[in-house]
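Note that this note's numbering numbers the sequence shown so that position 13 is 21, with each residue one more than the last.
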Amino acid sequence: MTDFIGPEPVLRMSIQTVRHDICQSSLQEQLRLWRNISGCRQAKLYLQGPDLGLTRFALRLSRNELRLIVGLITGHIALNKHLSVMKISTDPICPLCKEAEETAMHFLGQCAATMHLRLKLMGSAILTSEEIRQMTLCTLLNFAKLTKRFKFVWVAHWTYYGLSVGWRWPPGRKGKGHVRKLSTNSF
Ligand SMILES: [Zn+2]
């Protein structure tokens with residue numbers, strides 16, 4: 009160990025302590041930014057702040073699964089309400105029950121057409137936003153997949169000609185890689 013050069017008294021700290029303090033400081037700063045940022049209203053219902061457990065879970069997902077769960081959490085997903093806000097669809101109503109606007113909250117907790125699946129997977133046919141928040145993301149992801157609501161995966165990417173959007177078959181399905189012309193009833 010080298011001799012200390014500087015004002016005394018000297019307080020020795022292990023490298024592990026320094027790393028831990030830097031990590032904690034970083035997490036505190038991320039939490040402060042998350043709480044103070046305007047917007048992200050729906051995402052804040054699910055995500056209270058940085059969560060290493062959720063990060064590890066997300067890193068194990070496929071790209072399509074990650075896209076799906078992020079869409080459900082943020083509300084930016086190919087459900088009719090969001091599509092109508094984006095002016096891609098003119099009908100915000102849920103195509104499954106035709107009783108309410110198809111928001112992520114409706115899809116996850118209130119749609120009458122998927123009550124049996126919700127009861128089986130989550131223990132209740134109807135869930136409040138707070139009850140949805142208490143579900144694990146793995147449960148929400150499994151529910152979304154089992155409803156088969158997302159037959160195609162929404163893709164949007166920049167090309168030489170500009171922004172290209174459309175529905176793509178999930179990997180392993182017939183027509184892999186083909187981007188369909190945008191249509192509101194193709195999912
Ligand atoms: Zn519905």
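Cβ atoms here follow ideal geometry from the backbone N, Cα and C, with glycine treated the same way.
Owing to the predicted nature of the structure, the values given are computational and were not obtained by experimental measurement.
Asked                                                                                                               : Found
Under the three-state DSSP convention, the category Arg188 falls into                                               : Note that Arg188 has pLDDT 38, beneath the 50 cutoff, so the model's placement of it is unreliable and no number is given.
Near ligand 1: Glu110 beta-carbon under 8 Å from a heavy atom                                                       : yes
Nonlocal neighbours in the same chain, by C-beta distance under 7 Å from Leu145, ignoring five residues either side : Leu62, Phe65 and Ile77
Local conformation of Ile81 per DSSP, three classes                                                                 : helix
Straight-line gap, Ile23 to Ile30 (C-alpha atoms, nearest Å)                                                        : 11 Å
Straight-line gap, Pro103 to Arg71 (C-alpha atoms, nearest Å)                                                       : 26 Å
beta-carbon Ala133 near ligand 1 non-hydrogen atom, thresh 8 Å                                                      : no
Whole-angstrom distance between Met94 and Ser46, CA atom to CA atom                                                 : 20 Å
Straight-line gap, His90 to Ile101 (C-alpha atoms, nearest Å)                                                       : 10 Å
Pairwise C-alpha distance: Leu80 and Ala51                                                                          : 9 Å
Beta-carbon spacing of Ala112, Phe158 below 9 Å                                                                     : no
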